[in-house]
Amino acid sequence: MLVLDWDLPGLSGIEILRDYRAFGGTCPVLMLTGHNQVEDKEAGFESGADDYLTKPFAVKELLMRVKALIKRSQTSIGNVMSLGDIVIDFDTTKVMKSGKAVKLVTREFQLLAYLAKNREESISAPTEEIVNKVWTADAEMTPEGFQTVARRLSKKLDPDGRILRLDKIIPGGQSLSLGTTTPGLQANDEEELEPLLGRVLDGKYEIIKAIGGGASGTVFKAKHVHMNVMVAVKVLAPQLSMQPEYVRRFEREARACASLRHNNIIILHDMGMTEEMQPYLVMELLDGCSLAELLEQNNKLHPQEAVEVVCQILQGIACAHAKGLTHRDLKPGNVMMLPQQNGTYAVKIVDFGLAKSASAEDGMARLTQTGALIGTPSYMSPEQCNAEPVDFRSDIYSIGCILYELLTGAPPFVSNNLIEILNLHASEPPPPLKVEGIPENIRSYLERVIHTCLAKSKDERFQSSEQMLGALNGLRPQRTATG
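This note's numbering puts the sequence shown at residues 290 to 772.
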């Protein structure tokens with residue numbers, strides 16, 4: 290062990306201590322000093338001292354403290370390891386930094402344990418090799434995910450990089466950068482998401498990585514640790530979790546999805562609350578892309594494919610309507626496309642956060658009295674644009690907008706001005722359908738179907754999703770059973 294004096298002439302014991310810990314010194318240190326203020330003692334402990342003795346002192350007391358430090362260090366061998374001012378307890382998975390507890394998520398501790406036990410080996414090992422040694426194959430850890438975990442660990446325990454030397458094990462010294470970001474997320478967003486990555490929610494759902502999100506929340510890929518099943522976890526954004534209106538909307542989505550069981554609607558498994566009081570939903574993990582992303586790649590779909598997609602949307606939304614639920618925000622971004630082995634797509638409707646029960650009381654009206662739009666302008670029905678009561682026929686209007694966009698590459702009404710696009714939906718007749726490469730009788734039939742959907746009066750639209758489905762079924766390349 291070491292005994293250092295803070296007050297040596299021309300030489301600072303506290304600076305020696307800091308350098309000793311910074312360069313990996315692990316022996317217990319007893320600091321002697323004439324500084325007896327609480328702040329001074331705190332500074333000594335934060336610099337890595339294990340004990341503190343103020344002057345003047347009796348030699349007997351010094352010997353007692355030395356023996357106690359040596360005894361504590363000997364009894365901890367095998368279970369506890371020190372790296373500089375970092376102390377790791379492998380039995381309890383607790384970690385101390387400069388005498389203060391530091392909370393690590395599971396993946397951070399796993400990486401720290403590997404680095405502590407394999408310091409020299411880890412410096413020269415490739416990132417992929419470290420990933421494979423630290424995490425098993427089913428842990429879903431990628432080199433990119435490793436960078437995120439390493440960055441968090443460095444930020445918490447070794448910001449200078451002198452102890453863990455993470456800059457040596459990531460190519461290009463990228464341990465302090467996130468590199469590429471998840472689609473839909475900015476780099477500073479991922480910084481805010483760090484507390485959730487690697488955490489196990491409610492002892493069941495291990496958060497693996499962010500796979501999408503926006504201003505209202507984030508969707509993570511996660512694993513049910515007991516069942517070894519991959520799921521999607523949707524977490525409400527921290528700033529919105531403090532607002533009752535958004536929490537109620539989130540809870541409403543859970544109730545809406547829980548009552549629906551259909552092949553064309555995403556399955557909700559569970560819901561819960563993080564330690565930070567952020568509500569989350571656990572849903573099936575979908576392997577595909579949104580219809581909006583598909584349109585970005587292809588501009589539009591082949592007419593038969595467009596009809597098939599819309600028919601599957603109608604099949605799913607019919608289930609919701611049968612339960613008395615109106616989606617109110619049907620759009621390409623809320624339709625997931627899952628590739629099938631035969632080259633077709635299976636469709637899943639997602640995001641029932643704006644869904645409203647036909648039997649809902651005026652509480653919904655109170656919920657939306659802030660003046661916020663309910664829906665997405667390019668797909669909103671005239672009654673939504675006019676802030677009037679809506680029912681399932683509003684969804685029919687939105688589906689008509691989707692079908693028009695799938696066939697032409699753009700929604701029926703387009704404008705950069707919000708007021709103008711609302712006015713177009715509310716008062717202008719739908720534009721003619723211009724589709725090339727199909728017989729005129731098919732084009733004109735599809736135009737009539739779309740214009741029926743886009744009627745300004747909801748009484749003039751299809752009066753049910755089943756009715757619209759019947760109008761399109763004859764154009765489908767192959768029948769898909771409902772249910």
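Think of the CB as a built atom: it goes at the ideal place given N, C-alpha and C, for glycine as much as any other residue.
Next on the checklist: Can you tell me whether S301 is helix, strand or coil according to DSSP?
Outcome noted: The sequence position of residue 301 within the sequence shown is 12, counting from 1. DSSP, reduced to helix, strand and coil, places S301 outside both helices and strands of the structure shown, so it counts as coil.
Item to check | C-beta atoms of S548 and K612 nearer than 7 Å | outcome: Here the question's residue 548 lines up with position 259 in the sequence shown. Here the question's residue 612 lines up with position 323 in the sequence shown. Result yes, Cβ atoms of S548 and K612 sit closer than 7 Å.
Checklist entry - Name the DSSP beta bridge partners of G763, please? => result The sequence position of residue 763 within the sequence shown is 474, counting from 1. None, per the DSSP bridge assignment.
Checklist entry - From V639 to D308, what does the alpha carbon distance come to, in whole angstroms? => result The sequence position of residue 639 within the sequence shown is 350, counting from 1. The sequence position of residue 308 within the sequence shown is 19, counting from 1. One C-alpha to the other measures close to 55 Å.
Item to check | Coil, strand or helix - D340 by DSSP | outcome: Your numbering for residue 340 matches position 51 in the sequence shown. Here DSSP, grouped into helix, strand and coil, assigns D340 to strand.
Checklist entry - Quick one: is P448 buried, meaning 16 or more other Cβ sit within 10 Å of its Cβ, or exposed? => result What you label residue 448 is simply residue 159 of the sequence shown in a count that begins at 1. Its Cβ having fewer than 16 others within 10 Å, P448 is exposed.
Checklist entry - Could you check where the beta strand (DSSP E) with A390 kicks off and where it finishes? => result Looking up residue 390 in the sequence shown gives position 101. Counting along the chain, A390 sits inside the beta strand (DSSP E) bounded by residues 389-391.
Item to check | Per-residue DSSP class, three states only, for E742 | outcome: Within the sequence shown, numbered from 1, the residue matching residue 742 stands at position 453. According to the sequence as given, residue 742 is Cys; it is not Glu. In the three-state scheme derived from DSSP, where H, G and I count as helix and E and B as strand, C742 is classed as helix.
Checklist entry - Taking all protein chains shown into account, do 16 or more other C-beta atoms lie within 10 angstroms of the C-beta of Q532, making it buried, or fewer, making it exposed? => result Indexing the sequence shown from 1 puts residue 532 at position 243. Counting Cβ neighbours within 10 Å, Q532 comes out exposed, since fewer than 16 surround it.
Next on the checklist: Could you tell me the alpha carbon to alpha carbon distance between P701 and G487, rounded to whole angstroms?
Outcome noted: Numbered from 1 along the sequence shown, position 412 holds the residue referred to as residue 701. Numbered from 1 along the sequence shown, position 198 holds the residue referred to as residue 487. The straight-line gap from Cα to Cα measures roughly 44 Å.
Next on the checklist: Helix, strand or coil, according to DSSP, for E565 in the structure here?
Outcome noted: By one-based count along the sequence shown, residue 565 stands at place 276. DSSP places E565 in coil when its eight states are reduced to three.
Checklist entry - So the beta strand (DSSP E) I727 belongs to, where does it begin and stop? => result Here the question's residue 727 lines up with position 438 in the sequence shown. In the DSSP assignment, I727 falls outside any beta strand (DSSP E) and carries neither an H nor an E.
Next on the checklist: Taking the straight line between their C-alpha atoms, what separation do you get for E281 and P527?
Outcome noted: Missing from the structure shown is residue 281; the chain here goes from 290 to 772 and no further.
Item to check | Start and end residues, beta strand (DSSP E) containing A635 | outcome: Here residue 635 refers to the residue found at position 346 of the sequence shown. Counting along the chain, the beta strand (DSSP E) containing A635 begins and ends at 634-638.
Next on the checklist: Only counting the same chain, and skipping five residues up and downstream in sequence, which positions put a Cβ closer than 6 Å to that of L393?
Outcome noted: As a first step, residue 393 must be located in the sequence shown, where it is residue number 104. Contacts found: V384.
Next on the checklist: Can you find the residues in the same chain that come closer than 6 Å, C-beta to C-beta, to L291, ignoring five residues on each side of it along the sequence?
Outcome noted: Position 2 of the sequence shown, counted from the first residue, corresponds to residue 291. For L291, where only same-chain residues beyond five positions count, the Cβ hits under 6 Å are C316, V318.
Next on the checklist: Just list the residues that DSSP pairs Y780 with in beta bridges.
Outcome noted: Nothing in the structure corresponds to residue 780, since the chain is present only between 290 and 772.
Checklist entry - Are the beta-carbon atoms of Q593 and P728 separated by less than 7 Å? => result Stepping through the sequence shown from its first residue, residue 593 is reached at position 304. Stepping through the sequence shown from its first residue, residue 728 is reached at position 439. For the pair Q593 and P728, the CB atoms are not nearer than the 7 Å cut-off.
Checklist entry - According to DSSP, is M626 helix, strand or coil? => result The count along the sequence shown starts at 1 and reaches residue 626 at position 337. The three-state secondary structure of M626, taken from DSSP, is strand.
Next on the checklist: I'd like the list of long-range same chain contacts for L453, defined as Cβ closer than 6 Å, with 5 residues on each side in sequence excluded.
Outcome noted: Working through the sequence shown from its first residue, we reach residue 453 at position 164. By the criterion of a C-beta distance shorter than 6 Å, L453 is surrounded in its chain by L404, D447, once the five residues flanking it on both sides are discounted.
Checklist entry - Using the C-alpha atoms, what's the distance from V369 back to D380? => result Working through the sequence shown from its first residue, we reach residue 380 at position 91. Working through the sequence shown from its first residue, we reach residue 369 at position 80. Straight-line measurement puts the Cα of V369 at about 8 Å from the Cα of D380.
Checklist entry - In the DSSP assignment, what are the bridge partners of S371? => result Working through the sequence shown from its first residue, we reach residue 371 at position 82. Looking at the DSSP output, S371 bridges to V376.
Next on the checklist: I need the DSSP call for Q475, collapsed to helix, strand or coil.
Outcome noted: Counting from one through the sequence shown, the residue named residue 475 turns up at place 186. Annotation note: pLDDT 45 at Q475 (below 50); position unreliable, coordinate value reported separately. Here Q475 sits in coil by DSSP.
Checklist entry - Can you name, in chain order, every residue of its own chain whose Cβ lies under 7 Å from the Cβ of L465, other than the five neighbours on each side? => result Working through the sequence shown from its first residue, we reach residue 465 at position 176. Unreliable positioning characterises L465 in this predicted model, as indicated by a pLDDT of 37, which lies under 50. The coordinate reading is nonetheless provided below. Result list for L465: R440, S443, in chain order.
Checklist entry - Would you call the CB atoms of L692 and V571 closer than 7 Å? => result What you label residue 692 is simply residue 403 of the sequence shown in a count that begins at 1. What you label residue 571 is simply residue 282 of the sequence shown in a count that begins at 1. No, the Cβ-Cβ distance between L692 and V571 is not below 7 Å.
Item to check | DSSP bridge partner residues for G689 (one or two, in chain order) | outcome: Translated into positions along the sequence shown, residue 689 becomes position 400. Beta-bridge pairing links G689 to no other residue.
Checklist entry - With L490 and T563 assumed to form a contact (beta carbons below 8 Å), what rounded beta-carbon distance in angstroms separates them? => result As a position in the sequence shown, residue 490 is number 201, starting the count at 1. As a position in the sequence shown, residue 563 is number 274, starting the count at 1. So it is a contact: roughly 6 Å between Cβ atoms.
Next on the checklist: Spatial neighbours of L764 within its chain, please: C-beta separation below 6 Å, excluding the five flanking residues on both sides.
Outcome noted: In the sequence shown, residue 764 corresponds to position 475, counting from 1. Taking C-beta separations shorter than 6 Å and ignoring five residues to either side along the sequence, the partners of L764 in its chain run V596, following chain order.
Checklist entry - Quick one: what does DSSP say G774 is sitting in, helix, strand or coil? => result What is shown of the chain runs 290 to 772, which leaves residue 774 out entirely.
Item to check | Exposure of N623, with buried meaning 16 or more beta-carbon neighbours within 10 Å | outcome: As a position in the sequence shown, residue 623 is number 334, starting the count at 1. Flag for N623 reads buried.
Checklist entry - What does DSSP give as the partner residues of I554 in its beta bridges? => result Indexing the sequence shown from 1 puts residue 554 at position 265. In DSSP, I554 forms a bridge with I638.
Checklist entry - Can you name, in chain order, every residue of its own chain whose Cβ lies under 6 Å from the Cβ of A581, other than the five neighbours on each side? => result Locating residue 581 in the sequence shown gives position 292, where the first residue counts as 1. P621, G622, listed in sequence order.
Next on the checklist: Less than 7 Å between the beta carbons of K523 and G506, yes or no?
Outcome noted: The count along the sequence shown starts at 1 and reaches residue 523 at position 234. The count along the sequence shown starts at 1 and reaches residue 506 at position 217. Yes. Within cutoff.
Item to check | P568 vs L525 beta-carbon contact at 7 Å | outcome: Indexing the sequence shown from 1 puts residue 568 at position 279. Indexing the sequence shown from 1 puts residue 525 at position 236. Contact flag set, yes.
Item to check | D447, DSSP secondary structure in three states | outcome: One-based indexing of the sequence shown puts residue 447 at position 158. In the structure shown, D447 sits in coil (DSSP, three-state: anything other than H, G, I, E or B).
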